[in-house]
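Residue numbers (the numbering used here), protein chains in the order written: chain L, 518 to 1113; chain P, 72 to 396.
Note that beta-carbon positions come from the ideal geometry of N, C-alpha and C, so glycine has one too.
From a predicted model like this one, the values you see are computed outputs, not experimental measurements.
Working notes, beginning with the structure itself.
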Amino acid sequence: MKSIRTAAAIATAALSALVLAACGSSGSSSSSSAASESAGGTAGFQSPTTESLGGKRGGTLQVLDESDFEHLDPGIAYYSVDYAVVFAVQRPLYSNKPNSNEPTPDMAEGPPEISPDNKTVTVKLKEGIHFSPPVNREVTSEDVAYAIERGANPNVANPYIQSYFSSIEGMPNATGGPIAGITTPNKHTIVFKLTEPKGQLVVDALVLPLTAAVPKEYTEKFDKHKPSDYASYQVATGPYMLKNNAEGKVLGIGYVPGKSATLVRNPNWNAKTDFRPAYLNEIQIQIGGADSVIGRQVLEGQDSVENDSQVAQSIIRLAAENDKSQLQISPGAGSHYIAVNNKVGPFSNINLRKAFWAALNRSAMVKARGGSLVTDVMTHFIYPTIPGFEQAGGLKGPQVDYNEHPEGDKEIAEKYIKLAGYESGKYTGGETITVVGSRGNPSEQDAEIVNQTLKNLGFTTKFTLVEDATMYAKYCGVPKEEIAVCPSVAWVADFADPQAVLNVTFNGTTITQTGNVNWGQTNDPKINAAMKAAEAVVGRSARATAWAKIDTELVEDAAAIPFDWDKQGNIEGKNVAGVGQLWNVGQWDYSWTSLK
Amino acid sequence: MSLGGAEALSGPRGGLDMIDVGGDIAGRTPWQLFWRRLRQDRVALASLGFIVFLIFVAFAAPLIVDVLGLPGPNVQNLNLTDSFGSPLGPSAAHPFGVDPLGQDVMSRVIYGTRVSLEVGILGTAISTFIGVVVGTVAGFYRGWVDTLLSRAMDVFLSIPILLLGLGIGSACAVKGCAKGLIEPGLGVIIFLIALTTWPFIGRIVRGLVLSLREREFVEASIALGASDVRIMFREILPNLAAPIIVYASLQIPFNILIEAALSYLGVGIRPPTASWGQMVAAATPIFNTAWWYMVFPGTALLATVLAFNLLGDGLRDALNPRSAR
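Structure follows, in structure tokens:
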């Protein structure tokens, strides 16, 4: 899963999905009906689901970005803001059009072939795709093989490779050299041989930037450095490239850390091989500044957009009130929920979890996050735009009594507290439970509502707010800390597949001692077994059904307390015809955006 | 021939009327002189009045909030935010508006007085006590005792309080440090302030004791066989009351600001306890849409610090009229 700012802490820990810090993340959607429904509250706003074909060619787009990139190496990048650049300069085997979560063949010639036993995946590459200068030569399947192999090199250390590609023969022990399960029978064919029937998962993950071709003969010397500095010399396959010199050096030219990045047209890009229109001539990215100031500059400016993981709430409001045409709301930007410790402490009791769920005023929680324009009340775990969302109950969610009243219901909460053995209807267990929230708006407000709800239920809490990255890396992601409640953890899938939403976050077999993202340590043998079976299911619709069932079981188990499905607000200048990436929390797509 | 001078000296209304001293000549204690001078300083008196008012507000916070018909400081009500989640501004029901959780800002400002005064007064009392004892001992004994204690003061003076607070805040936030002994909160803030500010007064006291201990009354006490403790704390110390009071009154606002700074940085008072510094911090990112959330706690902080500073100036003038401003 791609991610988010503070996500770095988690991402390095390993797993697939990503956490979104303050709010937004990405999503995807197979069911366009889901997308449009969830966007229902945003009537009157330009939707990012409209591609702008026929835009004006030329011009320079100014991009204002509050914080620096984490990584621009396609083998490492894992953050929604980084993706906005990476997907303009690189072409993975498959990628998403702005309005879609359905993968479109990008460097691949057509859809992948999955063998009947679900253990072999074959992809054919287009001809006529070339690397940017100084490499210039045509891309071959060996470049894709090397791109994936280097992901396992400790100097590159791709954050999601073992989550999605570990079933490839030889991958678990790979360290950067050739991998037995990846073969290239000819210059334009690549074959993945798997040890388990997980072909569909591997295919889904081919949209990740790890599969963007990397020329071995040029890159090897950079990959020998620890860490690899290929990002500073990278070559492109996409319509744009980071500006470089004759030797290919990008650092200090096309990318000045903490200051700026410049994308120019890739002279070797062949429009006939690509579906991107690439209207703009140049994209100039300025790094730094406060989000509320940047937001105003964009709203009052002409040719600029803001590209951040989260636009300030006050700016969204300003745009919504003054000029709605400058605001785009992208649905399916992930979810926020409350992780409750299923393993130790009072919330190992399912009835206390249900009581907490029933009592929580989720309407207040989402209001604190900016209201219905950028949020929906969360009622189950697969979020809008991900296949399985509708099958799992859509916006309304499973009809269980503790899920029925988003504004909280004291009586139902009391019922479950009594079922847990506390006759008074209040928790009287006595011990103090630890609540660790994330500092800053709006997570801080959510944490305070959660803390108050727990107190009202009778719990004695020790309530602490820490930096977002600290919350994940030191507390909520470390089981031995035995944190009882993490009030605002966030998740966004790496691609549009329900497994990417539910597996690592709720599968008991994925719990790790550090960097754990199964924050509540849910470990129900029945659910684990159902997930193992669902992993092997092939076909979008069948997978949606299988994982939706698991979603319902998680609700019945009250594995976590959901409260918010995010929609991401993004803003553009008056002269910009911006196109957002639905699959990437609505970040602006530089290959589709144009100037008016 | 009249002995005018004698008459004047003996008569009830003689020649000395020319230089009327306002009635009978009476011996006045230093405290009476101090009070006479302070009474003439209206700014200091007004500040004193404001501080007395603050102390009353701190003690009677629940009563005041009740009388004003305000909700409690931690009562959340998201119905008091608009459809974008922005808090609503001042109104009859909520004169200072509400915060993003719909909590009444006036109620929180009133309760915030408690934290500021507790930190300001307690922190100062502890640091003054330590400083006076250590400074007196160092100045009285001189020699290696002085060297040892003075170097200790240098060490404590070099502790950067905000960095130490940030360190404790991040290292001990959730589980505490030293088996839970150190946990961010009011106690740790007061401890930090005492730990890092006592050398200021310690140095002043040491310097004064060094000079006082050479005076005749001290030598007389030694000759009479008084114990060291008696000489230090019964003979010398009372002479230092004025500088100690002045210094302490100026230390209080400094400590209030340190609490506000630590809370602003997120390592001070734990939410949901109301603290002015924490409120100002939370208001910063939404100042454009909710000015009241910053202005009222900010004003309370400003007025309180100013009052203590002005009172401190007044006390200095009244206790030591020869000092120049």
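Does the distance from the C-beta atom of Asp-175 (chain P) to that of Leu-228 (chain P) stay below 7 Å?
no
Tell me, please, whether the CB atom of Ala-560 (chain L) is closer than 7 Å to any CB atom in chain P? In this prediction, Ala-560 (chain L) has a pLDDT of 38, which is less than 50 and means its spatial position is unreliable; nothing more can be read from the coordinates.
Exercise. When the Cα atoms are used, what is the spatial distance from Gln-579 (chain L) to Asp-840 (chain L)?
Worked result: 20 Å
Practice prompt. Return yes when the Cβ of Ala-885 (chain L) is within less than 7 Å of the Cβ of Pro-959 (chain L), no when it is not.
Written response: yes
Notebook entry, point to check: Helix, strand or coil for Arg-396 (chain P) per DSSP?
Noted result: Residue confidence is low: Arg-396 (chain P) scores 43 on pLDDT, short of 50, so the model does not pin down where it sits. No coordinate-derived value is stated.
Expressed to the nearest angstrom, what Euclidean distance is found between the alpha-carbon atoms of Thr-981 (chain L) and Val-1002 (chain L)? 11 Å
ask   = With Ala-1051 (chain L) and Ile-1067 (chain L) assumed to form a contact (beta carbons below 8 Å), what rounded beta-carbon distance in angstroms separates them?
value = 6 Å
| said: 7 Å is my cut-off, CB to CB: does Leu-257 (chain P) come that close to chain L? | reply: no
Worksheet item: Glu-655 (chain L): which of L:Leu-642, L:Ile-665, L:Ala-986 sits nearest, CA to CA?
Response: L:Leu-642
Nearest-angstrom Cα separation, counted from Ser-941 (chain L) out to Lys-871 (chain L): 17 Å
Along chain P, in chain order, which residues have C-beta atoms closer than 8 Å to that of Thr-981 (chain L)?
Ala-244, Val-245, Pro-255, Arg-341
- Using a Cβ-Cβ cut-off of less than 8 Å, list which residues of the stretch 147 to 160 of chain P approach chain L; keep chain order. Gln-147, Leu-149, Thr-152, Asp-153, Ser-154, Phe-155, Gly-156, Ser-157
I believe Gly-905 (chain L) touches Trp-1082 (chain L) by the beta-carbon criterion, under 8 Å. Please report the beta-carbon distance rounded to the nearest angstrom.
With 8 Å as the limit, Gly-905 (chain L) and Trp-1082 (chain L) do not qualify as a contact, their Cβ atoms being about 14 Å apart.
Fill in: Near-chain P residues of the stretch 886 to 905 of chain L (beta-carbon distance less than 8 Å), N- to C-terminal order
Arg-886, Gly-887, Gly-888, Ser-889, Leu-890
The alpha helix (DSSP H) that contains Lys-884 (chain L), what's its start and end? 879 to 885
### Query
By the criterion of Cβ-Cβ separation under 8 Å, what are the contact partners of Ser-241 (chain P) in chain L?
Val-983, Glu-984, Thr-987
Give a yes or no on whether 7 Å exceeds the smallest Cβ distance from Ile-357 (chain P) to chain L.
yes
Margin query: Which of the three DSSP states is assigned to Cys-397 (chain P) in this structure?
Written below: The structure shown does not extend to residue 397 (chain P), since chain P is modelled only from 72 through 396, so no value can be given for it.
task = Check each candidate in L:Gly-769, L:Gly-914, L:Asn-824 and name the one with the smallest Cα separation from Gly-1095 (chain L).
result = L:Asn-824
Compute the beta-carbon to beta-carbon distance between Gly-509 (chain L) and Gly-818 (chain L), rounded to the nearest angstrom, for a pair I have assumed lies under 8 Å.
-> Any question about residue 509 (chain L) goes unanswered here, given that chain L covers just 518 to 1113.
Looking at C-alpha atoms only, which residue of L:Gln-717, L:Ser-584, L:Tyr-992 is the closest neighbour of Ala-1053 (chain L)?
-> L:Gln-717
Quick one: which chain P residues come within Cβ less than 7 Å of Arg-834 (chain L)?
Phe-155, Ser-157, Thr-360
Q | Buried versus exposed, by CB contacts within 10 Å (16 or more), Gln-103 (chain P) | A | exposed
- Message: For a contact defined as C-beta to C-beta under 7 Å, what are the partners of Thr-951 (chain L) on chain P?
- Response: Val-245
Practice problem: Specify, as a first and last residue, the run of the alpha helix (DSSP H) that Gly-815 (chain L) falls within. | Solution: The sequence shown places Val at residue 815 (chain L), rather than the Gly named in the question. Val-815 (chain L) -> alpha helix (DSSP H) spans 808 to 817.
How about Glu-965 (chain L): is its C-beta nearer than 7 Å to some C-beta of chain P?
yes
* Host alpha helix (DSSP H) of Gln-103 (chain P) (start-end) -> 101 to 110
Beta carbon proximity, Leu-333 (chain P) to chain L, threshold 7 Å: no
How is Pro-702 (chain L) classed by DSSP in three states: helix, strand or coil? strand
Find the residues of chain P that neighbour Lys-884 (chain L), judging by a C-beta separation of less than 7 Å, and give them in chain order. Leu-149, Thr-152, Gly-156
Would you check if the stretch 320 to 335 of chain P and the stretch 376 to 383 of chain P touch, i.e. whether three or more CB-CB distances between them fall below 8 Å?
yes
Helix, strand or coil: which one does DSSP assign to Thr-913 (chain L)? A small fix is needed here, since residue 913 (chain L) is Lys in this sequence, not Thr. Reduced to three states, the DSSP call for Lys-913 (chain L) is coil.
- prompt: Glu-287 (chain P) lies in the alpha helix (DSSP H); which residues open and close that run?
  reply: 287 to 295
Any beta-carbon of chain P closer than 7 Å to the one on Ser-548 (chain L)?
Because Ser-548 (chain L) sits at a pLDDT of 33, beneath the cut-off of 50, its placement in the model cannot be relied upon, and the point is left open.
>> Our contact map puts Leu-610 (chain L) next to Thr-728 (chain L) with C-beta atoms below 8 Å; I'd like the distance itself, whole angstroms only.
In response: 4 Å
Legend entry - Proximal residues of chain B, C-beta to C-beta of Arg-956 (chain L) below 8 Å: Protein chains in the displayed structure are L and P, and chain B is not among them.
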